Structures are given as C-alpha cells and as structure tokens.
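The structure appears below as structure tokens.
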Amino acid sequence: MTNRAVPPNDGNLPAMDEGTDERGFFGEQPPKTASLKRSGVLAKEEDKQAHYHGHRDRLRSRYRDHGDAALADYELLELLLFRLIPRKDTKPIAKALIDRFGTLAGVFGAPTGLLQEVNGVGEAVALDLKLVATVAHRMLKSELRGKQVLSSWSSVIDYCHAAMAYESREQFRILFLDKRNALIADEVQGRGTVDHTPVYPREVVRRALELSATAIILVHNHPSGDPTPSRADIDMTRTIVETAKPLGITVHDHIIIGKDGHASLKGLRLI
1 MTNRAVPPND GNLPAMDEGT DERGFFGEQP PKTASLKRSG VLAKEEDKQA
51 HYHGHRDRLR SRYRDHGDAA LADYELLELL LFRLIPRKDT KPIAKALIDR
101 FGTLAGVFGA PTGLLQEVNG VGEAVALDLK LVATVAHRML KSELRGKQVL
151 SSWSSVIDYC HAAMAYESRE QFRILFLDKR NALIADEVQG RGTVDHTPVY
201 PREVVRRALE LSATAIILVH NHPSGDPTPS RADIDMTRTI VETAKPLGIT
251 VHDHIIIGKD GHASLKGLRL I
C-alpha cells in the first residue's frame with residue numbers, strides 16, 4: 001500500500017488522520033460566513049416565534065382574568081385568529097381587518113371575497129369568520145323563538161341588524177307572526193341591487209296566508225348605510241298594508257336597517 005502524505009495543518013483546516021481520503025478532505029467546505037448567516041436567520045425566526053407565542057399567552061391570560069372589557073376589538077379578533085392561523089403572528093392581520101371594515105361587526109358582516117383581499121386571510125379563514133357570524137345570527141334568532149316579538153323589540157332590531165346591516169345588496173325580509181305575536185317564520189323574500197329590491201304585495205300576503213300568520217313585520221336594508229325611508233319604501237309599505245288588512249293580516253311595522261342604525265316607519269308615523 002502506498003503511503004499518502006498528509007498536508008500540513010495551518011490551523012484553518014480541520015484535522016485529518018492518516019486514514020482519511022484527501023478527496024473528502026479537500027472537498028468544498030461550507031463557508032463560515034454562510035453558516036453564521038444561516039444561524040442568524042434561524043435565531044431571528046426563533047425570536048419572532050417566541051415573541052408572538054408569548055404575546056398569545058399574555059392575551060389569553062388577560063381575557064381569562066378580566067374578560068372582554070380588558071381587550072380592544074382587534075385583540076378579541078386576534079384571540080379568534082389564534083385558532084384559525086396557528087403558526088403566524090395574527091396581530092397585524094387583526095388590525096388590518098379592523099382598518100378595512102371599520103368595526104368587528106363590519107369584519108364579520110363582510111363578504112368572503114372582500115375578507116380575502118386582506119393580506120393573510122385565505123379562503124379557509126374567511127369562511128371560518130363567516131361561520132362565527134352565522135352562529136351569532138342563530139343565537140340572536142333563537143332569542144325570538146316562542147316569544148311575543150312585540151315585547152322583545154330590541155331583540156328584533158339586534159337580530160335584523162346582525163343579519164342584514166352589512167349586506168352589499170338590498171334584502172327584503174318578512175317576520176311572520178301568529179295571533180300571539182310569536183314568530184312563526186323569518187324569510188328573505190327578495191334580493192335586489194345596491195338600492196332596490198322588487199317587492200310584490202300580493203306575494204307577501206299570499207305567503208302570510210300559507211303560514212297562517214295573522215301579523216307581519218317587514219324589514220329591508222339600505223347598503224348605503226343610511227336607513228332613511230325613500231318615497232318608494234313608503235308607498236310600497238302602504239300598498240302591503242292595504243292589501244293585507246281585508247284578509248285579517250296586520251302589518252306591525254316596516255323596519256329599515258342601516259350600518260349605523262335603523263328607521264321604523266311606524267315610529268315615524270308613516271304607516
């Protein structure tokens with residue numbers, strides 16, 4: 001066997017014993033600077049992860065110990081996003097959602113397509129946010145079931161606002177009541193454009209008769225946000241009142257829902 005000379009070690013190369021193949025010894029060595037850079041990036045990433053994980057723990061503790069009053073709206077949204085986006089800092093996403101849609105109600109009322117325009121929100125997260133909104137709507141609706149609606153008027157307004165205030169198109173909804181003014185059904189009768197929904201008084205009355213309803217509450221939304229009734233709103237409501245009355249069906253009210261409030265035609269003495 002031929003003896004191989006071992007190159008002198010100048011202190012910058014790793015030691016090599018006599019049994020080591022020089023092809024491996026003189027192969028490409030990873031530059032020290034590159035290793036340092038990689039370790040620096042990893043360290044920064046670990047620090048970042050540690051930061052938002054610690055932030056999550058602190059936020060959960062504040063909510064646990066002090067309730068929602070101790071948290072801003074974007075922080076409540078963060079708590080929810082923790083579950084939906086487990087491996088990312090969700091604070092910037094929560095703030096961006098509030099900035100885009102104005103309020104928590106605006107976030108949950110926004111269409112999924114618009115939610116996905118916010119950086120960090122994909123289809124799955126947008127659908128989960130809408131699911132939360134749907135659960136909230138169902139909870140509010142359950143408060144009306146089996147109760148005399150006229151004695152729970154604030155619950156009616158809360159439900160209608162949650163269901164319709166942030167719709168991008170007009171909806172025409174009817175609450176059908178029995179002789180005790182308890183809710184029989186809640187149905188969307190029509191969807192229209194940003195400023196108009198076609199309503200047919202005879203169809204409204206026909207559906208009330210099918211459900212054996214003795215009273216109805218008309219509701220529609222104004223996507224512009226301003227709930228002030230238009231001349232067309234007033235005329236259409238009066239036509240429905242006149243069509244329903246001979247058949248023993250009472251129109252208790254027509255409520256118009258806007259983002260920042262509502263208008264009652266009965267309260268305004270327009271019907």
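According to UniProt numbering, the stretch in the sequence shown is residues 1 to 271, in order.
Idealized CB from N, CA, C, for every residue including glycine.
Predicted, not measured: the structure shown is a model, and the values here were computed from it.
Cα-Cα separation, V121 to S154: Distance between the alpha carbons of V121 and S154: 34 Å.
With 16 other CB atoms within 10 Å as the buried threshold, where does M139 fall? M139 comes out exposed.
Excluding the 5 residues preceding and the 5 following D158 in the sequence, name in chain order all residues of the same chain whose CB lies nearer than 7 Å to its CB. L140
Taking only runs that begin and end inside the segment 144-211, name each unbroken beta strand (DSSP E) of 3 or more residues, in chain order. The qualifying runs are 171-177, 183-191.
Counting only the same chain and skipping the five closest in sequence on each side, list residues whose C-beta sits under 6 Å from that of A43. With a pLDDT of 45 at A43, under the threshold of 50, the modelled position of this residue cannot be trusted; read the value that follows with caution. Excluding sequence neighbours, A43 sits near nothing in its chain.
Between which residues of its own chain and I249 is the CB-CB distance below 8 Å, once the five residues before and five after are set aside? V205, A208, L209, A213, T214, A215, I216
Check V118 in the structure and name its three-state DSSP category. coil
So, does the segment 221-228 touch the segment 160-173, judging by three or more C-beta pairs under 8 Å? yes
Coil, strand or helix - D253 by DSSP: strand
Which listed residue (N221, R145, T193) has its alpha carbon closest to that of S185: The question names Ser, yet the displayed sequence has Ala at residue 185. Comparing Cα-Cα distances from A185 to each of N221, R145, T193, the minimum goes to R145.
CA-to-CA distance, L80 to L114, given in whole angstroms: Approximately 19 Å, taken between the alpha carbons.
Look at the alpha carbon of L265 and the alpha carbon of R83, and state the distance between them as a whole number of angstroms. 43 Å
Is it buried or exposed, H109, if we count other Cβ atoms within 10 angstroms and call 16 or more buried? In the sequence under discussion, the amino acid at residue 109 is Gly, which differs from the His named in the question. Buried, since its Cβ has 16 or more Cβ neighbours within 10 Å.
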